[in-house]
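Q: Numbering (mature numbering (1 follows the signal peptide of the UniProt record, and there is no 0)), first residue to last: -16 to -1, 1 to 451. Cβ atoms here follow ideal geometry from the backbone N, Cα and C, with glycine treated the same way. One structure is given below, represented as structure tokens, and several questions about it will come after.
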Ligand SMILES: *[C@@H]1O[C@H](CO)[C@@H](O)[C@H](O)[C@H]1NC(C)=O
Ligand SMILES: *[C@@H]1O[C@H](CO)[C@@H](O)[C@H](O)[C@H]1NC(C)=O
Ligand SMILES: *[C@@H]1O[C@H](CO)[C@@H](O)[C@H](O)[C@H]1NC(C)=O
Ligand SMILES: *[C@@H]1O[C@H](CO)[C@@H](O)[C@H](O)[C@H]1NC(C)=O
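And the structure:
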């Protein structure tokens, strides 16, 4: 009798390994919708297979999130507190945002250009003040509200431009080559400026986790910009920014580059090879606007991933028209899955909410956002767009600390993609995106277990089961 009970217990241990299923699918009402559980069997059904190898492990996840911008703040702060709470409980509670970005000084998604010290040649920054009519009214209340939803948010700052007086072209928009004036007092003052910004945010109750040195250092944009070559950025890090931050805020993570994947390898190879600069660097940040280029991410991971982390720090789809297109969500899913499979420790979206025109943006560079806000209509409305669901299908389940595992797709094609991670509480998370115009049936294979899965056309599904 005892043996029989033991046997039954063993049997049930083998076969109660049910799979929890959450799905978003076009042409259905499914939006992060929990579906019926699926049971593993041990019988192969399909030629198409998604096979997990839990013995091959890669990077750990730091987190997912979006950016606090002035544009987001002015839209958000006009909303009723119910709608504000709805947006932030969706981002921070439902889909688990934990890693967010904020701009230092203005960016294009600000109402106008501004800095915290416009006193020309104030090398000691004695006039530096957070009270410039912007951050205390916009970003600070927005982020403090976010911290009530997730008190452990990891926040990194990125400047688009130093104050005009530090730049060769004497304005915040556009850039000379290089952007900063060739004057060591200016470089020293700009390094000190980062440190003062971190201190001022800390004093406002907002802890800062990291920095990128310059947003898009190759782009002399029509909006706030500042050009560096890889060696110029390495010089600034080695001689000014690195020593200043190490001395004042040693816990801060410093990321180099923060621009498109096309030149990721050149920047990583140049700066990480220079010991004077790389000793102050923790990671490399990149954007998606030059295309998916996952092989560039993978090459940097293979060459440098043991010493430096890789993080996708900005993405969005522009313009704002068509923000409900399903394809926009698929673009997010495709890039997030590809980056995670190539070594990225997370993925951070751009503006967390924009108005119905995709702004405000002081240069009209309007874009879509996962949450589009109409604060001026009566009643006010908020709209969750397809990028929200595609991001959420991944960020909700691949919690910080998860380890990316090897995923092989057998007999597949470019329209079926997948990423797998193991969470700290020993769950396996497999996220599969079907970009095909038809339903796909496949075997999900984990160790000696097989599940017969069917996914509808244009869908993304998260499968969660015990490791
Ligand atoms: C999965 O197995 C459980 C028993 O472990 C059973 O109750 C359930 O009906 C099964 N589900 C399916 C979809 O077969
Ligand atoms: C991932 O995290 C685990 C602890 O959860 C740790 O043992 C392992 O070394 C980490 N791996 C990497 C690549 O950082
Ligand atoms: C779509 O799926 C079908 C099978 O379900 C497959 O034959 C076809 O090659 C796929 N199309 C593309 C473009 O991947
Ligand atoms: C596998 O899934 C497909 C699609 O849902 C279904 O037609 C087929 O009957 C399933 N096979 C088994 C053995 O359940």
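If we count Cβ pairs, one from each stretch, closer than 8 Å, do we get three or more for the stretch 239 to 252 versus the stretch 278 to 292?
A: Yes, since at least three Cβ pairs between the stretch 239 to 252 and the stretch 278 to 292 fall closer than 8 Å, the two stretches touch.
Q: If you count every other CB in all the chains shown that lies within 10 Å of the CB of residue 12, and 16 or more means buried, which is it?
A: Classification of residue 12: exposed, given that the 10 Å Cβ count is below 16.
Q: For residue 16 and residue 404, what's the separation of their Cα atoms in angstroms?
A: The alpha-carbon atoms of residue 16 and residue 404 are separated by roughly 18 Å.
Q: By the 10 Å Cβ neighbour count, where 16 or more other Cβ atoms means buried, how is residue 445 classified, buried or exposed?
A: Classification of residue 445: buried, given that the 10 Å Cβ count is 16 or more.
Q: For residue 139, decide whether its Cβ has a neighbour in chain D, counting only Cβ atoms nearer than 7 Å.
A: Absent from the structure: chain D. Only one protein chain is present.
Q: Would the C-beta of residue 23 count as close to ligand 1, meaning under 6 Å from any of its heavy atoms?
A: Yes, Cβ of residue 23 sits closer than 6 Å to a heavy atom of ligand 1.
Q: List the residues that DSSP assigns as beta-bridge partners of residue 331.
A: Paired residues: 48, 296.
Q: Start and end of the beta strand (DSSP E) containing residue 269?
A: Note, residue 269: beta strand (DSSP E), 267 to 271.
Q: Could you say which of 306, 165, 182 lies nearest to residue 196 if we only look at CA atoms?
A: Residue 196 has its Cα closest to that of 182, out of 306, 165, 182.
Q: Quick check on DSSP: helix, strand or coil for residue 143?
A: Correct three-state label for residue 143: strand.
Q: What is the C-beta distance between residue 52 and residue 86, in whole angstroms, given that I count them as a contact (C-beta under 8 Å)?
A: Contact flag correct, Cβ pair sits at about 5 Å.
Q: Evaluate the contact criterion for the stretch 390 to 399 versus the stretch 86 to 106: three or more CB pairs, one atom per stretch, below 8 Å.
A: Segments in contact, no.
Q: Looking at residue 438 and ligand 4, is the gap between the Cβ and the nearest heavy atom below 6 Å?
A: Under cutoff, so the answer is yes.
Q: What's the gap between the Cα of residue 101 and the Cα of residue 143?
A: If you take the alpha carbons of residue 101 and residue 143, they lie about 14 Å apart.
Q: Using the three-state DSSP reduction, which class does residue -13 fall into: helix, strand or coil?
A: Unreliable positioning characterises residue -13 in this predicted model, as indicated by a pLDDT of 49, which lies under 50. The coordinate reading is nonetheless provided below. Three-state DSSP puts residue -13 in a helix.
Q: CA-CA distance, residue 386 and residue 330?
A: Residue 386 and residue 330: Cα-Cα distance of roughly 10 Å.
Q: Smallest Cα separation from residue 266: which of 311, 239, 308?
A: The shortest Cα separation from residue 266 among 311, 239, 308 belongs to 239.
Q: Could you spell out the range, first to last residue, of the beta strand (DSSP E) harbouring residue 355?
A: Note, residue 355: beta strand (DSSP E), 355 to 358.
Q: How is the beta strand (DSSP E) around residue 428 delimited, first residue to last?
A: Residue 428 -> beta strand (DSSP E) spans 424 to 430.
Q: By Cβ distance below 6 Å, which residues in the same chain neighbour residue 440 in space, the five residues on each side in sequence not counted?
A: The answer, listed in chain order, is 9, 423.
Q: Should residue 187 be labelled buried (16 or more other beta-carbon atoms within 10 Å of its own) or exposed?
A: Residue 187 should be labelled exposed.
Q: For residue 39 versus residue 83, is the C-beta spacing smaller than 7 Å?
A: No, the Cβ-Cβ distance between residue 39 and residue 83 is not below 7 Å.
Q: Tell me whether the stretch 300 to 308 and the stretch 346 to 361 touch, counting them as touching only if at least three CB pairs, one residue from each stretch, are closer than 8 Å.
A: Result yes; three or more Cβ-Cβ pairs closer than 8 Å.
Q: Under the three-state reduction of DSSP, which class applies to residue 254: helix, strand or coil?
A: Helix at residue 254.
Q: Look at the alpha carbon of residue 76 and the alpha carbon of residue 61, and state the distance between them as a whole number of angstroms.
A: Looking at the two C-alpha atoms, the distance is approximately 17 Å.
Q: Alpha carbon to alpha carbon, how far is residue 417 from residue 437? Give it in angstroms, no decimals.
A: For residue 437 and residue 417, the distance between alpha carbons rounds to 13 Å.
Q: Suppose the cutoff is 6 Å on Cβ atoms and the five residues either side in sequence are ignored; what does the same chain contact list for residue 378 look like?
A: Here the set comprises 320, 415.
Q: Leaving out five residues before and five after residue 340 in sequence, what residues of the same chain have Cβ atoms less than 7 Å from its Cβ?
A: These residues qualify, in order along the chain: 356, 358.
Q: Which two residues bound the contiguous alpha helix (DSSP H) that contains residue 402?
A: Careful: residue 402 lies outside any alpha helix (DSSP H), inside the beta strand (DSSP E) at 400 to 406.
Q: Apart from the five residues just before and just after residue 316, which ones in its own chain have a Cβ nearer than 6 Å to its Cβ?
A: These residues qualify, in order along the chain: 371, 374, 375.
Q: Along the chain, where does the alpha helix (DSSP H) that runs through residue 232 open and close?
A: That run of the alpha helix (DSSP H) goes 226 to 232.
Q: Evaluate the contact criterion for the stretch 261 to 275 versus the stretch 283 to 298: three or more CB pairs, one atom per stretch, below 8 Å.
A: Touching, yes, given that three or more Cβ pairs across the two stretches are closer than 8 Å.
Q: Can you give the Cα-Cα distance for residue 162 and residue 296, rounded to whole angstroms?
A: Distance between the alpha carbons of residue 162 and residue 296 is about 25 Å.
Q: Note down the Cα distance separating residue 411 from residue 212, rounded to an integer number of angstroms.
A: Each residue's Cα considered, the two are about 43 Å apart.
Q: Of the residues 37, 24, 90, 31, which one's Cα is nearest the Cα of residue 346?
A: Ranking 37, 24, 90, 31 by Cα distance to residue 346 puts 90 first.
Q: Which full runs of the alpha helix (DSSP H) of 4+ residues lie inside the stretch 104 to 177, going along the chain?
A: Runs of the alpha helix (DSSP H) inside the stretch 104 to 177: 123 to 133.
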